[in-house]
Amino acid sequence: MSVFASPTSWIESDAVDQCHQVAALDGMIHVAAMPDLHPGKGAPIGAAMSSTVLYPLLVGSDIGCGIAVFPITLHRPQPEKLAARFPDLDHTIDPDDPAWTVLDGDIPAGHTEGLGTVGRGNHFVELARIETVFDPDHAARLGLAAGDLVLIVHSGSRGLGEQILRAHTEVHGAGPAADPAAYLAAHDDAVRWGSLNRRLMAARVAHALGAEPTEPIVDQCHNLVEVHDGVYLHRKGAAPGDGRDVLIAGTRGTPSYLVAAHAGPDANHSVAHGAGRKMSRADALRRGRAKHTVEELRRTPVGSVVVCGDRQLLFEEAPTAYKRIERVIDDLVDHRLATPIATTVPLVTYKTPDQGPGPGRDRRDQRRRRGRS
388 MSVFASPTSW
398 IESDAVDQCH
408 QVAALDGMIH
418 VAAMPDLHPG
428 KGAPIGAAMS
438 STVLYPLLVG
448 SDIGCGIAVF
458 PITLHRPQPE
468 KLAARFPDLD
478 HTIDPDDPAW
488 TVLDGDIPAG
498 HTEGLGTVGR
508 GNHFVELARI
518 ETVFDPDHAA
528 RLGLAAGDLV
538 LIVHSGSRGL
548 GEQILRAHTE
558 VHGAGPAADP
568 AAYLAAHDDA
578 VRWGSLNRRL
588 MAARVAHALG
598 AEPTEPIVDQ
608 CHNLVEVHDG
618 VYLHRKGAAP
628 GDGRDVLIAG
638 TRGTPSYLVA
648 AHAGPDANHS
658 VAHGAGRKMS
668 RADALRRGRA
678 KHTVEELRRT
688 PVGSVVVCGD
698 RQLLFEEAPT
708 AYKRIERVID
718 DLVDHRLATP
728 IATTVPLVTY
738 KTPDQGPGPG
748 RDRRDQRRRR
758 GRS
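So in our numbering the end of the sequence shown lands on 760, straight run, no missing numbers.
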């Protein structure tokens with residue numbers, strides 16, 4: 388097992404313990420822990436794990452979750468006005484929505500439930516501006532320069548991935564896949580579904596903001612398993628680092644980093660996928676309510692606007708609940724896993740539809756109004 392973080396980087400002991408537990412599984416070859424490592428359900432988040440045995444639990448339920456970056460052209464963007472124009476990404480895309488033009492071929496697995504929606508947790512759609520450019524030549528090859536605008540979309544396979552993992556765990560629990568080929572076939576559908584979902588959401592937002600949809604310049608999945616050098620390489624909150632460009636997400640109140648990843652076999656060809664949580668959701672909720680009001684959290688330290696009608700989620704996903712993204716990037720650079728290309732700074736971060744002010748509008752109230760249980 389290897390941890391790619393400096394001695395001064397804070398990593399929970401529970402997360403390291405989970406890595407050791409994974410390292411003891413039958414067939415496990417190597418566990419590479421990224422600097423954004425933190426505890427997850429059944430497996431650490433921020434780890435890449437190579438094994439001769441395929442373990443679906445090491446990928447988790449959100450198969451295909453990833454981050455895509457789409458250029459967008461807007462004239463004189465004003466965050467407050469643009470925030471009010473974001474579409475409701477809690478509701479499945481309408482059959483006549485113009486965003487469907489990005490669909491090329493069939494919908495993976497024929498699964499339409501939740502298509503074009505962002506989901507909960509740390510998922511988001513963000514309008515951001517390219518700020519600092521570290522490598523102008525590389526940025527230019529991506530069609531980017533300082534001041535340009537991009538849409539960043541972080542989401543996955545929604546209910547499809549959950550169905551795939553549930554079908555496995557109901558029979559095999561945390562054990563290996565009895566039929567790896569069958570699991571991989573379903574898994575690959577979920578990975579393609581997640582990518583389509585990101586494209587549809589970017590197109591929905593582009594149309595709503597009066598812009599034309601574009602192709603992604605980056606779209607990397609960080610929850611998946613692939614056959615690499617003849618073994619199963621599981622990634623749970625770890626992005627592919629073998630020569631690809633990756634957007635490593637900060638928080639809604641800090642920059643994110645676009646990097647050129649060049650991680651080798653000692654890091655299981657992987658890099659971090661984000662800042663990584665430093666507080667549990669319960670701790671973030673408790674501490675946040677003691678320090679901040681809801682309105683304070685709707686405007687971030689960088690001046691951006693947060694669209695989130697779920698008050699509890701506002702606290703759970705506050706910037707203070709995460710590690711410093713600069714420390715994560717420094718660790719990747721120090722371990723020669725990645726080279727920064729540019730930073731993005733949020734203008735509008737969308738989490739859920741804004742239901743407006745009013746008492747008692749927590750997550751349970753919103754779900755009841757939307758007919759969810």
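Using N, Cα and C, we set each Cβ at its ideal position, and we do this for glycine too. In this text, all values refer to a predicted model and were calculated from it rather than measured experimentally.
**Item:** For Glu-602, three-class secondary structure by DSSP
**Value:** In this structure, Glu-602 counts as coil in the three-state DSSP scheme.
**Asked** Excluding five sequence neighbours on each side, which residues of the same chain lie with their C-beta closer than 7 angstroms to the C-beta of Leu-587?
**Response** Scanning its chain for C-beta atoms nearer than 7 angstroms, with the 5 sequence neighbours on each side dropped, one finds around Leu-587 the residues Ile-480, Ala-486, Val-489, Leu-502 and Gly-503, in chain order.
**Item:** C-alpha distance - Thr-460 paired with Glu-599, whole-angstrom precision
**Value:** If you draw a straight line from the Cα of Thr-460 to the Cα of Glu-599, it is about 8 angstroms long.
**Prompt:** Within 10 angstroms of its Cβ, does Pro-458 collect 16 or more other Cβ (buried), or is it exposed?
**Reply:** The residue in question, Pro-458, is buried, as its Cβ has 16 or more Cβ neighbours within 10 Å.
**Message:** Report the CB separation of Leu-657 from Ala-471 in whole angstroms; it is logged as a contact under 8 angstroms.
**Reply:** For the record, residue 657 in the displayed sequence is Ser; it is not Leu. So it is not a contact: roughly 39 angstroms between Cβ atoms.
**Other residues of its chain near Leu-529: CB distance less than 6 angstroms, five sequence neighbours each side excluded** = The answer, listed in chain order, is Ile-604.
**Asked** Going by other Cβ atoms of all chains shown within 10 Å of its Cβ, with 16 needed for buried, is Trp-397 buried or exposed?
**Response** Trp-397 sits exposed, since fewer than 16 C-beta atoms from the chains shown fall within 10 Å of its C-beta.
**Asked** Using a Cβ-Cβ cut-off of 8 angstroms (strictly less than) and excluding sequence neighbours within five positions of Pro-523, which residues of its own chain qualify?
**Response** Beyond the five residues adjoining it in sequence on each side, Pro-523 comes within less than 8 angstroms, by CB distance, of Ala-532 in the same chain, given in chain order.
**Prompt:** How would you label Ala-392, buried or exposed, when you count the other beta carbons within 10 angstroms and need 16 or more for buried?
**Reply:** With 16 or more neighbouring CB atoms inside 10 Å of its own CB, Ala-392 falls in the buried class.
**Asked** Can we say the stretch 544-559 touches the stretch 512-520, given the rule of at least three CB pairs closer than 8 angstroms?
**Response** Cβ pair count under 8 angstroms is below three, so no.
**Item:** Straight-line gap, Thr-687 to Leu-734 (C-alpha atoms, nearest Å)
**Value:** Their backbone Cα atoms lie some 9 angstroms apart in a straight line.
**Request:** Would you mind reading off the limits of the alpha helix (DSSP H) that contains Gly-548?
**Result:** First-last of the alpha helix (DSSP H) with Gly-548: 545-559.
**Prompt:** Can you check whether the CB of Met-436 is closer than 8 angstroms to the CB of His-621?
**Reply:** One thing to note: His-621 has its Cβ within 8 angstroms of the Cβ of Met-436.
**Asked** beta strand (DSSP E) containing Pro-727: first to last residue?
**Response** Residue range 725-737 is occupied by the beta strand (DSSP E) that includes Pro-727.
**Message:** Check this for me: beta carbons of Arg-639 and Ser-691, under 8 angstroms apart or not?
**Reply:** Yes, Cβ-Cβ distance for Arg-639 and Ser-691 is below 8 angstroms.
**Asked** Taking the continuous beta strand (DSSP E) assigned at Asp-632, which residues delimit it?
**Response** It spans 629-635 - the beta strand (DSSP E) in which Asp-632 sits, taken as one unbroken run.
**Prompt:** Do you know how far the Cα of Cys-608 is from the Cα of Ala-729?
**Reply:** Take the alpha-carbon of Ala-729 and the one of Cys-608: they are about 20 angstroms apart.
**Message:** My output table needs one value for Gly-447: the three-state DSSP class, helix, strand or coil.
**Reply:** If DSSP states are grouped into helix, strand and coil, Gly-447 belongs with coil.
**Message:** Suppose you measure from the CA of Ala-662 to the CA of His-462; what does that come to, to the nearest Å?
**Reply:** Taking the Cα positions, Ala-662 is about 31 angstroms away from His-462.
**Request:** Determine the closest residue to Leu-571 out of Arg-631, Ile-712, Ala-496 and Asp-653, with distance taken between C-alpha atoms.
**Result:** The shortest C-alpha separation from Leu-571 is found at Ala-496.
**Asked** Helix, strand or coil: how does DSSP classify Cys-406 here?
**Response** Note: Cys-406 maps to helix in three-state DSSP.
**Asked** If you compare alpha carbons, which of Gln-742, Arg-579 and Pro-426 is closest to Gly-492?
**Response** The option with the nearest alpha carbon to Gly-492 is Arg-579.
**Request:** Report the rounded CA-to-CA distance for Gly-429 versus Tyr-442, giving the unit in angstroms.
**Result:** Computed Cα separation, rounded: 11 angstroms.
**Message:** Mapping the DSSP letters down to three states, classify Pro-394 as helix, strand or coil.
**Reply:** DSSP places Pro-394 in coil when its eight states are reduced to three.
**Message:** Whole angstroms are fine: how far does the CA of Ala-564 sit from the CA of Tyr-737?
**Reply:** Rounded to the nearest angstrom, the two C-alpha atoms are 36 angstroms apart.
**Simplified DSSP state of Leu-437, which is helix, strand or coil** = One point to set straight first is that residue 437 is Ser, not Leu, in the sequence displayed. Correct three-state label for Ser-437: strand.
**Asked** Are His-649 and Gly-624 closer than 8 angstroms when you measure CB to CB?
**Response** Taking a C-beta distance under 8 angstroms as the contact criterion, His-649 and Gly-624 do not qualify as a contact pair.
**Prompt:** Looking only at its own chain, which residues have a Cβ that is under 6 angstroms from the Cβ of Ala-590, when we skip the five neighbours before and after it?
**Reply:** The answer, listed in chain order, is Ala-486, Val-489 and Pro-600.
**Request:** Starting from the Cα of Ala-636, find the closest Cα among Pro-474, Thr-680, Ile-454 and Asn-610 and give me that residue.
**Result:** When only C-alpha atoms are compared, the closest one is Ile-454.
**Prompt:** Grouping DSSP H, G and I as helix and E and B as strand, with all else coil, what is Gln-607?
**Reply:** Of the three classes helix, strand and coil, the one that applies to Gln-607 here is strand, per DSSP.
**Item:** Where the alpha helix (DSSP H) through Ser-764 begins and ends
**Value:** No statement about residue 764 is possible, as the shown extent of the chain runs from 388 to 760 and does not include it.
**Request:** Could you have a look at Glu-467 and say whether DSSP puts it in helix, strand or coil?
**Result:** Residue state for Glu-467 is assigned as helix, using DSSP reduced to three classes.
**Request:** Have a look at Arg-507 and Thr-739 and give me their C-alpha separation to the nearest angstrom.
**Result:** When only Cα atoms are considered, Arg-507 and Thr-739 end up about 8 angstroms apart.
**Prompt:** Using the C-alpha atoms, what's the distance from Val-558 back to Asp-717?
**Reply:** Taking the straight line from one Cα to the other gives about 42 angstroms.
**Prompt:** Taking the alpha carbon of Val-612 as the point to measure from, which residue in Ala-708, Val-403, Gly-451 and Val-689 has its own alpha carbon closest?
**Reply:** The alpha carbon of Val-612 has as its nearest neighbour, out of Ala-708, Val-403, Gly-451 and Val-689, the alpha carbon of Gly-451.
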